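Asks: Below: one structure in C-alpha cells.
Numbering (the numbering used here), first residue to last: 86 to 410.
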C-alpha cells in the first residue's frame, strides 16, 4: 500500500454532474471536496460558473471556491499551494479529499509534480498586455507567445486569454520561457495515492444537458448576476477573460446582440469548451472513464466505490492491488 496521501479526483467536461457525484461519494466515504475550477474561485460569479449552493452541498465541506474578487490577480501557483494545503489538512483529520473540476490545468497542478512561476507580478506589464489583448485580440498575443516560447503550445490554450497574458508577463519579467517552469510536463507520476475518474456521455446527450443548463442559468437569474458584476466595475475583467455566459450577456446589455443571440452563443461556446475539456482529460491515461448514460449519481458512485475497493484504496478490497500514479 502506498504511503502517499490518498486523493480521489473526479474530472470531465462541464454539465456532466461532477459535483452531484462528488457530493454523494463524499457522504459515503467521509470525504471533503476541493474545487478545481478556475472560474469558481471568484466571488459573485455563482450562477454562470454553476457553483454549488450551500443547500446542494448537503453539509459536505467544500474548499477553493470564492477565494478572490473578480479581477484580483490569482495565479495557478497560488491555487496549487492552497489546494495542496487543504488536501493535507483533510487527510490529517482522517477524511478523504476529493478533487473535483473541469479545469485541466488546475487538476494537474495539484496531482502532479509541476512547478509554476509565482510572484513576479507587474501591474504595469499586465495592464499593457491586457490592453493589447483588447485592441489586437487574443490571437495576436498567442502567436507572439508561441514565437517566444514554442513549448508553451503544450500548456497554454489559445482561448485562455488570462493565461496567455500571464505567460508573456513571466517571459518579460524573468527572461525565461514560461514552459521552463513546468518541470516534467509529460511525467504523469502523481504525488498522491491517486484514483481519478472521468465522467462522460455521448455527444448528443451532452449537448442536450449543456443547452438545458444554460436555459436554467438564464431562468434563475444569470442576467441579474451579470448586471451586478458590471455595476461593481468588473465589465472589463469579464470580457477580457472570455468568461462564458458573462461576456455574451454584457454584449446584450450593451445593445450589441439580442438576448436570444446571447443565449445561443453561450450554448455554442460551452459546447466548444466541453470538447476541449474532453480532449485534455482523454490525454491522461490515469483517468478511469465512466459512462453516465441512464445512470443516477448514486449508481455512478456505486461503480466508483467498486473500483476503489477493487484497487485496495478503500477497506473491503484487495490489499495488493497496483496503485495508480
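Beta carbons are placed, not taken as given, at the ideal position from N, Cα and C, and that holds for glycine. As the structure is a computational prediction, the values presented were derived from the model and not from experiment.
Looking only at C-alpha atoms, which of 129, 108, 261 sits nearest to residue 315?
Replies: Measuring from the Cα of residue 315, the nearest candidate turns out to be 129.
Asks: Since residue 131 is in the alpha helix (DSSP H), which residue starts that stretch and which ends it?
Replies: First-last for residue 131: undefined, no H or E at that position.
Asks: Around the Cβ of residue 139, are there at least 16 other Cβ atoms within 10 angstroms (buried) or fewer (exposed)?
Replies: exposed
Asks: Locate the beta strand (DSSP E) running through residue 376, then write down its first and last residues.
Replies: 372-376
Asks: By the three-class DSSP mapping on this structure, what secondary structure does residue 384 have?
Replies: helix
Asks: Where residue 215 and residue 239 are concerned, what is the direct C-alpha to C-alpha distance, given to the nearest angstrom?
Replies: Looking at the backbone, the Cα of residue 215 and that of residue 239 are separated by about 22 Å.
Asks: On the CB-based measure, 16 or more other CB atoms within 10 Å of its CB, does residue 407 come out buried or exposed?
Replies: Per-residue confidence for residue 407 stands at a pLDDT of 40, beneath the threshold of 50, marking its modelled position as unreliable; the derived number appears in the next sentence. Exposed: under 16 other Cβ atoms inside 10 Å.
Asks: Report the three-state DSSP secondary structure of residue 264 (helix, strand or coil).
Replies: helix
Asks: Less than 9 Å between the C-beta atoms of residue 133 and residue 329, yes or no?
Replies: yes
Asks: To the nearest angstrom, how far is the alpha carbon of residue 365 from that of residue 202?
Replies: 22 Å
Asks: Let's test the definition: count the other Cβ atoms within 10 Å of the Cβ of residue 370 and tell me whether it reaches 16, buried, or not, exposed.
Replies: exposed
Asks: In the DSSP assignment, what residue or residues form a beta bridge with residue 285?
Replies: 376
Asks: What does a CB cutoff of less than 7 Å around residue 306 pick up in its chain, not counting 5 residues either side in sequence?
Replies: 132
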